[in-house]
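Structure first, commentary second.
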Ligand SMILES: [Cu+2]
């Protein structure tokens with residue numbers, strides 16, 4: 322009797338745990354967890370989005386693109402340190418998803434770039450988007466809008482707003498720097 326109760330509790334706990342770990346979105350062998358985007362400043366035209374992609378299939382796949390009614394286009398970007406300088410580039414060939422790997426798009430690394438955004442993302446909003454994978458196909462997801470950049474600290478030098486420092490110094494550090502977030506290459 323005691324054992325049975327224990328088993329029931331363990332099972333309940335396990336079910337709760339697997340629900341928490343479950344992928345929020347799935348297409349074929351591709352599981353997508355926790356898509357989130359950053360809130361944007363008023364007037365900003367470019368927003369960034371992040372998510373975790375797991376390939377649980379037995380063939381490699383590739384994340385090739387995304388679309389959203391909230392953006393003119395969405396680019397796949399990579400940010401990395403090159404010769405001590407943070408640089409960003411568009412990944413025209415998409416992001417490879419080898420067999421049995423999980424790829425994280427996160428601040429400071431791979432990310433989605435929402436271009437030509439007409440209505441800046443606000444905290445708490447959900448941004449609908451469609452992600453496309455070379456083999457698995459397309460899947461609709463929702464990006465939850467979290468706080469603006471800097472939530473983990475250390476993002477002061479985000480190259481998405483390369484002119485932020487200039488703007489700040491010219492306007493003597495006004496609260497709303499209204500960066501135009503120029504996004505060359
Ligand atoms: Cu970018």
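Numbering (the numbering used here), first residue to last: 322 to 506. Ideal Cβ placement from N, Cα and C applies to all residues, glycine included. Predicted, not measured: the structure shown is a model, and the values here were computed from it.
- For residue 415 against residue 386, the beta-carbon gap comes to about 7 Å, under 8 Å, which counts as contact.
- The three-state reading of DSSP puts residue 344 in coil, since its state is none of H, G, I, E or B.
- Annotation: the continuous beta strand (DSSP E) that includes residue 433 extends over 432-436.
- Scanning the region 339-421 from its first residue to its last, the whole beta strand (DSSP E) runs of 3-plus residues come out as 346-348, 351-359, 368-376, 382-388, 394-403, 406-411 and 416-418.
- Taken through DSSP and simplified to helix, strand or coil, residue 454 comes out as strand.
- At least one heavy atom of ligand 1 lies less than 6 Å from the C-beta of residue 409.
- Cβ contact annotation for residue 419 (same chain, cutoff 6 Å, sequence separation greater than five): 381, in chain order.
- In the three-state reduction of the DSSP assignment, residue 440 falls in the coil class.
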